[in-house]
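Notes follow once the structure below has been shown.
Residue numbers (this note's numbering): 7 to 496.
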């Protein structure tokens, strides 16, 4: 592992990319990853970008992003796997862990094929984290954490956990790192999830004692630290969607060109070509979102100031993933509706569908997006939403292209209207990312920092960006009509 610490970025990423074909979703069993396969990934250094240099890691935001993006092309669940271990677990230990805790955790990850997860969600409250019943109290120099958590990836497999709990006799929230082998973290039920089978979800009962040095130094009021943690997770959907949609485009193109229909192929049909091009356009959009994450955000720092961009990224990327997975399955016909076929359509759809739900259901996040924009409008004294977009650093390049925001009656916006407005805002952020992507296309014409295995499908040009922008504009027009309809029915 040590020799991987000192490689240059391109050599490091290419070495990881070389091993990914053996983890392809078309051949890897749909079950939690066994320890020997985890060891293979760990030996290639997938966790090193999240580990500080002082602990023999690489501590590199862009490498973290690239590993997730490349992994997601071959296996979307393993892209999520890598994100949880690096962005959610190791990143927070690096940012907020005591020196003693960091030494314990990072040494274990460097020497063993271990997994780290987070335990936030509870059976009774779902997205309403403020109502969680898992509590902590300080007694005799230790913290005692008790409660139930579910829908944690690696529920029965993870060796380390970050557990979020509410103060027993107060309103403060704490974040505690627990090693499963210390006891008290018990999986009582394994869920049979429809997708993401490699991650292993379930229900856990928690009754643990945590030493003071294993409490993370996160002291924001309320759930402010949870919001920052989820910011990072939501941004990662740009990396996963970019890799995943590049794969779907390649598969859809091959499927339609090779399927014989009469004297020609399925691809000779005009509407089929449109469907394939739509998947490609979705890839271009999500890769532009990915370029924003890769080049303009930084996982090695606090990113709570990027809330708007993270919400918009999660909403837009997950909805384009789902739309494309549905299109791909339809292009595969009946063969796309069964496992064991010569395509990945069935698993691709089952894996992609949950992205609109996890990390906060999209409808909830859309309302949050709208509330941010409306708050900026009120505080900044703006006359209309177009002025807000022009002032927002995440939408100023696209504001001139967004007449759909003219004449929106923000004074009488219903709750349903705010959800639709938030969805519109996510599309404007996508347009803005495309504009910025076009400006630096000569520097980065492909998916990321290094060439991908299928580089011809990864590259695109200004014409592709224009087509992707037109698709988002069509979507914005439809959403504006939906907003008017929702408001007329309010």
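Backbone N, C-alpha and C define an ideal beta-carbon position, used for all residues, glycine too.
Only a predicted model underlies this, so the values are computations on that prediction, with no experimental measurement involved.
Name, in chain order, the residues that DSSP records as bridge partners for residue 184.
Within the chain shown, the letter at position 178 stands for residue 184. According to DSSP, which records beta bridges pairwise, residue 184 is partnered with 167.
What does the alpha-carbon distance come out to for the pair residue 271 and residue 262?
Walking along the chain shown from the start, residue 271 turns up at place 265. Walking along the chain shown from the start, residue 262 turns up at place 256. Computed Cα separation, rounded: 7 angstroms.
Proximity winner among 99, 369, 467 and 409, relative to residue 223 (alpha-carbon distances)
The residue labelled residue 223 in the question sits at position 217 within the chain shown. The option with the nearest alpha carbon to residue 223 is 99.
Smallest Cα separation from residue 363: which of 331, 374, 325 and 381?
Along the chain shown, one-based indexing puts residue 363 at 357. Nearest option by C-alpha distance: 325.
Buried or exposed for residue 302, please, with buried defined as at least 16 other CB atoms from any protein chain shown within 10 angstroms of its CB.
Position 296 of the chain shown, counted from the start, is the residue given in the question as residue 302. Result: exposed.
Ordered along the chain, which non-local residues of its own chain (more than five positions away) have a Cβ less than 7 angstroms from that of residue 350?
For this step, residue 350 is matched to residue 344 along the chain shown. Once the five neighbours on either side are set aside, the close Cβ partners of residue 350 are 31, 32 and 257.
Could you tell me the alpha carbon to alpha carbon distance between residue 406 and residue 400, rounded to whole angstroms?
Along the chain shown, read from residue 1 onward, the residue named residue 406 stands at position 400. Along the chain shown, read from residue 1 onward, the residue named residue 400 stands at position 394. Answer to the nearest angstrom: the Cα atoms are 13 angstroms apart.
Beta strand (DSSP E) segment containing residue 377, residue limits:
To locate residue 377, count along the chain shown from 1; it is residue 371. Taken as a continuous stretch (DSSP letters only), residue 377 belongs to no beta strand (DSSP E), being part of the alpha helix (DSSP H) at 368-386.
Counting Cβ pairs, one atom from each stretch, are 3 or more of them under 8 angstroms apart for the stretch 438-458 and the stretch 466-475?
yes
How many angstroms separate the CA atom of residue 46 from the CA atom of residue 18?
What you label residue 46 is simply residue 40 of the chain shown in a count that begins at 1. What you label residue 18 is simply residue 12 of the chain shown in a count that begins at 1. Taking the straight line from one Cα to the other gives about 15 angstroms.
Enclosing alpha helix (DSSP H) for residue 18 [first to last residue]
Within the chain shown, residue 18 is the residue found at index 12, counting from 1. 15-25 is the extent of the alpha helix (DSSP H) around residue 18.
Select from 311, 169, 255 and 137 the residue whose C-alpha is nearest the C-alpha of residue 177.
For the purposes of this step, residue 177 is taken as residue 171 along the chain shown, with counting starting at 1. Out of 311, 169, 255 and 137, 137 has the C-alpha closest to the C-alpha of residue 177.
At the level of alpha carbons, what is the spacing between residue 22 and residue 243?
Translated into the one-based positions of the chain shown, residue 22 becomes position 16. Translated into the one-based positions of the chain shown, residue 243 becomes position 237. Answer to the nearest angstrom: the Cα atoms are 20 angstroms apart.
Based on Cα-Cα distance, which residue from 64, 260, 315 and 380 lies nearest to residue 338?
The sequence position of residue 338 within the chain shown is 332, counting from 1. When only C-alpha atoms are compared, the closest one is 260.
Boundaries (first-last residue) of the beta strand (DSSP E) holding residue 214
One-based indexing of the chain shown puts residue 214 at position 208. First-last of the beta strand (DSSP E) with residue 214: 208-216.
Residue 477 beta carbon less than 8 angstroms from that of residue 204
As a position in the chain shown, residue 204 is number 198, starting the count at 1. As a position in the chain shown, residue 477 is number 471, starting the count at 1. Their beta carbons are not under 8 angstroms apart, which means residue 204 does not touch residue 477 by this criterion.
Kindly identify the DSSP beta-bridge partner or partners of residue 124.
The residue labelled residue 124 in the question sits at position 118 within the chain shown. 168.
8 angstroms Cβ cutoff met for residue 182 and residue 216:
By 1-based counting over the chain shown, the position of residue 182 is 176. By 1-based counting over the chain shown, the position of residue 216 is 210. Going by C-beta atoms, residue 182 is nearer than 8 angstroms to residue 216.
Can you give the beta carbon distance from residue 130 to residue 155, rounded, assuming they're within the 8 angstroms contact cut?
Locating residue 130 in the chain shown gives position 124, where the first residue counts as 1. Locating residue 155 in the chain shown gives position 149, where the first residue counts as 1. Contact doesn't hold; Cβ gap of about 11 angstroms is too wide.
Between 323, 284 and 112, which lies nearest to residue 296 when the distance is taken from Cα to Cα?
Your numbering for residue 296 matches position 290 in the chain shown. Here the closest residue by C-alpha is 323.
Mind pulling the alpha helix (DSSP H) runs of 4 or more residues that sit fully within the stretch 310-358?
313-338
Residue 408: which of 437, 385, 490 and 423 sits nearest, CA to CA?
The sequence position of residue 408 within the chain shown is 402, counting from 1. When each option's Cα is compared against that of residue 408, the closest is 437.
Any idea if residue 237 is buried or exposed, counting beta-carbon neighbours within 10 angstroms, 16 or more meaning buried?
One-based indexing of the chain shown puts residue 237 at position 231. That one is buried.
Which of helix, strand or coil DSSP assigns to residue 471
Within the chain shown, the letter at position 465 stands for residue 471. Three-state result, residue 471: helix.
Does the distance from the CB of residue 485 to the CB of residue 426 come in under 8 angstroms?
Counted from its first residue, the chain shown places residue 485 at position 479. Counted from its first residue, the chain shown places residue 426 at position 420. Cβ atoms of residue 485 and residue 426: closer than 8 angstroms.
Can you tell me which residues form a DSSP beta bridge with residue 191?
Here residue 191 is taken as the residue at index 185 of the chain shown, counted from 1. Answer by DSSP bridge pairing, in chain order: 212.
Per-residue DSSP class, three states only, for residue 262
Taking the first residue of the chain shown as 1, we reach residue 262 at position 256. The answer is helix: DSSP assigns residue 262 an H, G or I state.
Just to confirm my understanding: we take residue 289, look at its own chain, exclude 5 residues before and 5 after, and list those with CB closer than 6 angstroms. What are they?
Position 283 of the chain shown holds residue 289. Hits under 6 angstroms: 251, 252 and 255.
Spatial neighbours of residue 368 within its chain, please: CB distance less than 6 angstroms, with the 5 preceding and 5 following residues excluded, ordered by chain position.
As a first step, residue 368 is located in the chain shown; it is residue number 362 there, counting from the start. These residues qualify, in order along the chain: 321 and 362.
In whole angstroms, give me the CA-to-CA distance for residue 385 and residue 378.
On the chain shown, position 379 is the one that residue 385 refers to. On the chain shown, position 372 is the one that residue 378 refers to. Answer to the nearest angstrom: the Cα atoms are 10 angstroms apart.
What span of residues does the alpha helix (DSSP H) with residue 149 cover, start to end?
For this step, residue 149 is matched to residue 143 along the chain shown. Unbroken run through residue 149 is the beta strand (DSSP E), 148-156; no alpha helix (DSSP H).
Looking only at C-alpha atoms, which of 13, 104 and 207 sits nearest to residue 83?
Indexing the chain shown from 1 puts residue 83 at position 77. Comparing Cα-Cα distances from residue 83 to each of 13, 104 and 207, the minimum goes to 207.
Report yes if the C-beta distance between residue 171 and residue 123 is below 8 angstroms; otherwise report no.
Taking the first residue of the chain shown as position 1, residue 171 is located at position 165. Taking the first residue of the chain shown as position 1, residue 123 is located at position 117. No; because the gap between Cβ atoms is not below 8 angstroms, this pair is not in contact.
Reduced DSSP category for residue 230 - H, G, I as helix; E, B as strand; rest coil:
Residue 230 sits at position 224 when you count from the first residue of the chain shown. Three-state DSSP puts residue 230 in a helix.
Ordered along the chain, which non-local residues of its own chain (more than five positions away) have a Cβ less than 8 angstroms from that of residue 341?
As a working note, residue 341 is residue 335 in the chain shown. Cβ neighbours of residue 341 beyond the five flanking positions: 347, 348, 349 and 351.
Indicate the three-state DSSP secondary structure (helix, strand or coil) for residue 63 in the structure shown.
To locate residue 63, count along the chain shown from 1; it is residue 57. DSSP places residue 63 in coil when its eight states are reduced to three.
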